[in-house]
Amino acid sequence: FAHRIGVQRFPPLPTLNLDETTWAQELRSVGYHTALVGKWHQGYESWLQMPTYRGYDEFFGYLGDSVNWFSHLSMQTKYNPEIPDLVDGDQPAKER
Numbered sequence: 057f058a059h060r061i062g063v064q065r066f067p068p069l070p071t072l073n074l075d076e077t078t079w080a081q082e083l084r085s086v087g088y089h090t091a092l093v094g095k096w097h098q099g100y101e102s103w104l105q106m107p108t109y110r111g112y113d114e115f116f117g118y119l120g121d122s123v124n125w126f127s128h129l130s131m132q133t134k135y136n137p138e139i140p141d142l143v144d145g146d147q148p149a150k151e152r
């Protein structure tokens with residue numbers, strides 16, 4: 057799939073365009089409470105691309121791919137250590 061949309065190498069990271077409307081935004085607009093648990097993988101180069109800015113009221117999960125289940129570190133950490141790997145809402149998740 058990556059070769060069809062021109063994303064063959066890392067970086068750049070593929071992102072969901074900010075002018076695209078998500079299902080979460082549509083559902084929220086008609087009164088639903090929205091939540092996402094899992095992997096976002098739709099871009100996180102700015103906070104405007106985070107799930108909680110794209111229509112989700114709640115988010116708990118990983119932002120990218122290749123995440124170690126125990127350390128919560130991913131390949132992206134070495135490229136941008138300011139981006140958290142495990143997120144609760146819009147903050148780095150604390151161990152539970």
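Numbering of the sequence shown is given in this note's numbering, commencing with residue 57 and proceeding in unit increments. Glycine residues also receive a C-beta, built at the ideal position from the N, C-alpha and C atoms.
Would you mind sorting residue i into buried or exposed? The rule is 16 or more other CB atoms within 10 Å of its CB.
i: residue 119; result: buried
i: residue 57; result: Confidence at residue 57 is low in this model, with a pLDDT of 47, below 50, so its placement is unreliable and no value can be given for it.
i: residue 143; result: buried
i: residue 88; result: exposed
i: residue 103; result: exposed
i: residue 75; result: exposed
Name the DSSP beta bridge partners of residue i, please?
i: residue 107; result: Beta-bridge pairing links residue 107 to no other residue.
i: residue 158; result: In this structure the chain extends from 57 to 152, so residue 158 is not present and cannot be described.
i: residue 92; result: 115
Would a C-beta distance cut-off of 8 Å place residue i and residue j closer than the cut-off?
i: residue 146; j: residue 108; result: yes
i: residue 71; j: residue 101; result: yes
i: residue 117; j: residue 86; result: no
i: residue 80; j: residue 111; result: yes
First and last residue of the alpha helix (DSSP H) that includes residue i?
i: residue 83; result: 79-85
Among the options, whose alpha-carbon lies nearest the alpha-carbon of residue i?
i: residue 114; options: 73, 84, 121; result: 84
i: residue 125; options: 95, 73, 105; result: 95
i: residue 73; options: 121, 90, 105, 82; result: 105
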